[in-house]
Amino acid sequence: MTLANAADERFLNLHEFVKEAKLKLNAYHWDYLIGGAETETTLKRNRMALDSVAFRPRVLVDVSRLDATHDFFGQKIRLPIAFAPVGSLQSFDAGGGATVAQAAGEFGVPMILSSVSAPSLEVTAQAGTGPKIFQLYVRGDDGFIDDYAYRAADAGYNAFCITVDTAVMSRRERDIAKRWRKPWQADNTGMDSQAALNWGHIERFKAKHKAPLIIKGIATREDAERAVAAGVDVVYVSNHGGRQLDHGRGSFEVLPEVVDAVAGRAKVYVDGGFSRGSDILKGIAMGADLVVLGRLYVYALAADGVPGIVRMCEILEHEMHEVMGLMGVTKLAALDRTYLHPAAPVVEPGVHSAFPHLRLSEGY
0 MTLANAADER
10 FLNLHEFVKE
20 AKLKLNAYHW
30 DYLIGGAETE
40 TTLKRNRMAL
50 DSVAFRPRVL
60 VDVSRLDATH
70 DFFGQKIRLP
80 IAFAPVGSLQ
90 SFDAGGGATV
100 AQAAGEFGVP
110 MILSSVSAPS
120 LEVTAQAGTG
130 PKIFQLYVRG
140 DDGFIDDYAY
150 RAADAGYNAF
160 CITVDTAVMS
170 RRERDIAKRW
180 RKPWQADNTG
190 MDSQAALNWG
200 HIERFKAKHK
210 APLIIKGIAT
220 REDAERAVAA
230 GVDVVYVSNH
240 GGRQLDHGRG
250 SFEVLPEVVD
260 AVAGRAKVYV
270 DGGFSRGSDI
280 LKGIAMGADL
290 VVLGRLYVYA
300 LAADGVPGIV
310 RMCEILEHEM
320 HEVMGLMGVT
330 KLAALDRTYL
340 HPAAPVVEPG
350 VHSAFPHLRL
360 SEGY
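Using numbering that gives the first Met the number 0, the final residue of the sequence shown is 363, and nothing's skipped along the way.
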């Protein structure tokens, strides 16, 4: 039996990756993965926003052929998803970003490598055949940014991403309560450079570098409009998975105002609580060009490395095809807001509320 087939047998539902990750990770890495800032209100609102929208299906549509593929900077990808830039991926699998790059390439979706994950951007690029984005936390002057931009371009990354919602480090109280000095904490030196980051840096980057530029951390129409005016290629709606500003809005709630503000002048990406195939389709219907997954793929990484991530994507693909068929939609381009409707949530929001059959305390 091949590794891929073994993963097929072990994992039949997405929540099973969560369970396996919990079994394998120590308490420090587990809480780092699932936790948010302070009261974790923003984290919960990510799920609340997604759960507050229902589908409006169409019937008597020929759905014998379904296509969930998507265009990504001129390349065809298998699903309209990417893997988010997660710090310290090596804490969840020894191969870190290289393992994720290999899995992403095997399945056929992009990854976004964080500048605070190992191995280097060059080694990660060589590990996988799929499209890639490099994401930077600014820890130095203009020369620091330029150096990473040139290295990423030379290594073949398709785009460059700058995170803009970390001007001040948040209080992640799960970690603080453990008195845990995080292994990536050393990378937080130079935070004054991130704090000083402003629109002038974005305009300078666009004037100097050819790579498509993504700004990650947009949460208002005002900043979306400013980003487009600065020439940004992708406006990335994100609240850092609820890990930065507490008492923020859920990303899915923010999405429509950003889509409307951008008005087709740039691409729009979104992350924040997306955990099921139905979530991804809600994001696309609301106007996102790409839905970026964070915790979900890290569960799969911790659970079973490359085959775990590939199997997770296969299950997501099955879920998406199922929902598309039942919605009367054969292609992603057909989805729009007429397929969505406000609805009262039926579950208490939480980091795992998308998985009602997950009972970590009971071992399944």
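Glycine included, C-beta positions come from ideal geometry on N, C-alpha and C. Note that the coordinates shown come from a computational prediction; the quantities given were computed from them, not determined experimentally.
Presumed contact (8 Å Cβ cut-off) between residue i and residue j, rounded CB distance
i, j, result
"valine 290", "valine 269", "6 Å"
"threonine 329", "aspartate 70", "Rounded, the Cβ-Cβ distance is 17 Å, inconsistent with contact."
"glutamine 101", "valine 305", "5 Å"
"valine 257", "valine 236", "5 Å"
"alanine 158", "isoleucine 217", "No, alanine 158 and isoleucine 217 are not in contact; Cβ-Cβ is about 16 Å, not under 8 Å."
"leucine 244", "alanine 36", "7 Å"
"glycine 307", "phenylalanine 91", "Incorrect: roughly 10 Å between the Cβ atoms, too far for contact."
"glycine 327", "arginine 57", "3 Å"
"valine 309", "phenylalanine 106", "5 Å"
Contact under 9 Å by Cβ, residue i with residue j
i, j, result
"leucine 135", "cysteine 160", "yes"
"alanine 148", "alanine 210", "yes"
"leucine 13", "methionine 311", "yes"
"glycine 86", "serine 113", "yes"
"serine 277", "glutamate 313", "no"
"phenylalanine 133", "alanine 154", "yes"
"glycine 241", "lysine 18", "no"
"arginine 173", "tyrosine 31", "yes"
"lysine 215", "aspartate 288", "no"
"threonine 99", "threonine 123", "Reading the sequence as shown, one finds valine at residue 99 and not threonine. The answer is yes: Cβ separation under 9 Å."
"glycine 293", "arginine 171", "no"
"valine 115", "glycine 189", "no"
"glutamate 252", "glycine 230", "no"
Residue(s) in a DSSP beta bridge with residue i
i, result
"threonine 162", "Lys215"
"proline 341", "Val52"
"leucine 112", "Phe133"
"lysine 266", "Val233"
"valine 290", "Ile80 and Val269"
"lysine 330", "Asp66"
Reference residue i; option with closest CA among the options
i, options, result
"arginine 275", "Asp259, Leu244, Glu316 and Arg173", "Glu316"
"aspartate 61", "Gly324, Tyr338, Pro355 and Arg336", "Gly324"
"arginine 220", "Ile308, Asp303, Arg77 and Arg248", "Arg248"
"valine 156", "Arg178, Ser352 and Gly129", "It is tyrosine, not valine, that sits at residue 156 in the sequence shown. Checked all of Arg178, Ser352 and Gly129; the closest Cα to tyrosine 156 is Gly129."
"methionine 110", "Met285, Gln193, Arg77 and Gly142", "Arg77"
"histidine 351", "Ile283, Asp288 and Gly272", "Gly272"
"alanine 371", "Asn25, Glu8, Leu11 and Ala5", "Examination of residue 371 is not possible in this model, given that the chain is present from 0 through 363 alone."
"proline 344", "Asp145, Ala53, Ala5 and Trp29", "Ala53"
"alanine 333", "Ala265, Pro348 and Gly286", "Gly286"
"arginine 264", "Val253, Ala228 and Asn238", "Ala228"
"alanine 97", "Ala126, Ile175 and Gln74", "Ala126"
"isoleucine 283", "Ile144, Leu295 and Lys266", "Lys266"
"alanine 176", "Lys207, Asp50, Thr38 and Ala5", "Thr38"
"aspartate 335", "Ala48, Leu280 and Arg46", "Leu280"
**Study point:** Residue ranges of each alpha helix (DSSP H) within the region 22-91, 4 or longer
**Key:** Scanning the region 22-91 for uninterrupted alpha helix (DSSP H) segments of 4 residues or longer gives 26-33 and 40-50, listed from N- to C-terminal end.
Exercise for review: Counting only runs of 3+ residues fully inside the region 232-261, write out the beta strand (DSSP E) ranges in chain order.
Suggested key: 233-236
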